[in-house]
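These notes are about the structure you will find just below.
Residue numbers (the working numbering): 123 to 338.
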């Protein structure tokens with residue numbers, strides 16, 4: 123049985139862990155090699171060229187295992203560092219790119235820029251896609267801030283949560299166009315999801331990369 127056959131057999135096991143697969147290959151190969159040496163015909167010893175090639179293959183597999191172990195250690199170290207860095211945001215006000223507004227303690231805030239004063243419509247929707255609140259205002263040239271008081275179109279107070287939001291603007295007589303915006307809220311925690319570090323702004327969870335500014 124050759125090294126290629128061992129590799130094929132191991133692959134058939136459909137291991138989900140690459141490192142475990144490499145380790146299994148190395149272990150199987152070593153057992154096979156020892157069996158070959160133990161049972162070879164003394165009158166016809168193993169060809170030295172073939173023996174050397176198999177040793178080289180064994181060394182290659184072992185090297186891959188060592189590299190994989192080292193890479194995993196580096197990944198774990200990086201993740202730990204990211205957690206510590208992200209935890210420093212907790213309790214601070216952060217500005218981030220998002221498609222949702224975080225209603226915290228009955229208040230949510232977003233910011234946007236317009237090149238000139240123009241009519242702007244801010245629409246907040248719930249998880250079911252239904253409109254919760256809508257505000258019409260006239261922006262000023264440059265930076266603008268809009269704060270939601272957490273009330274819906276009927277005047278009822280909505281529970282804290284993450285609500286989808288859109289901002290559209292345009293001069294009278296033109297088709298409304300989307301306006302990019304950022305949201306502001308207080309960082310309340312950090313989580314790790316699928317090896318990615320995220321920051322929680324109340325009920326809203328965002329990647330660390332989405333954070334644009336931090337203030338006390």
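Think of the CB as a built atom: it goes at the ideal place given N, C-alpha and C, for glycine as much as any other residue.
Predicted model, so just to flag it, every value in this text is computed and none were measured.
Report task. Whole angstroms is fine: what's the gap from residue 228's alpha carbon to residue 279's? Result -> 8 Å
Query raised in the report: Where are the beta strand (DSSP E) runs, 3 residues long or more, that stay fully inside the region 219 to 248, in chain order?
Result: 222 to 225, 230 to 236 and 241 to 247
Query raised in the report: Across which residues does DSSP place residue 329 in a beta bridge pair?
Result: 320
Query raised in the report: Any idea if residue 297 is buried or exposed, counting beta-carbon neighbours within 10 angstroms, 16 or more meaning buried?
Result: Classification for residue 297: exposed.
Report task. Report the option in 213, 289 and 276 whose CA atom is closest to the CA atom of residue 246. Result -> Looking at the Cα atoms, 289 is the closest of the given residues.
**Report entry** Cα-Cα separation between residue 217 and residue 225, rounded to whole angstroms
**Finding:** 14 Å
Report task. Please name the residue in 152, 241 and 321 whose C-alpha comes closest to that of residue 308. Result -> 321
Requested in this report: Would you list the residues sitting across from residue 283 in a DSSP beta bridge?
Outcome: 225
**Report entry** Cβ separation of residue 239 and residue 262, assumed to be a contact under 8 Å, to the nearest whole Å
**Finding:** 6 Å
Query raised in the report: DSSP state of residue 161, grouped into three classes?
Result: Annotated three-state conformation of residue 161 is helix, per DSSP.
Query raised in the report: When DSSP builds the beta bridges, which residues end up paired with residue 336?
Result: Note: residue 336 sits in a beta bridge opposite 216.
Requested in this report: Return the CA-CA distance between residue 126 and residue 150, expressed in angstroms with no decimal places.
Outcome: In this predicted model, residue 126 has a pLDDT of only 44, less than 50, meaning its place in the structure is not dependable enough to derive any value.
**Report entry** When 265, 323 and 252 are compared against residue 233, the one with the closest alpha-carbon
**Finding:** 265
Requested in this report: Out of 326, 251, 336 and 242, point me to the one whose CA is closest to residue 300's CA.
Outcome: Nearest option by C-alpha distance: 242.
Report task. Would you tell me roughly how many angstroms separate the C-alpha atoms of residue 249 and residue 286, rounded to the nearest one? Result -> 7 Å
Query raised in the report: Between the C-alpha atoms of residue 79 and residue 315, what's the straight-line distance to the nearest angstrom?
Result: Past the edges of the chain, shown from 123 to 338, lies residue 79, and the structure says nothing about it.
**Report entry** Cα-Cα separation, residue 325 to residue 260
**Finding:** Cα-Cα distance, rounded: 29 Å.
Query - Helix, strand or coil at residue 304 according to DSSP, with G and I counted as helix - result: strand
Query raised in the report: Anyone know if the C-beta pair for residue 313 and residue 212 falls short of 8 Å?
Result: no
**Report entry** Assigned secondary structure, residue 211 (DSSP; H/G/I helix, E/B strand, else coil)
**Finding:** In the structure shown, residue 211 sits in coil (DSSP, three-state: anything other than H, G, I, E or B).
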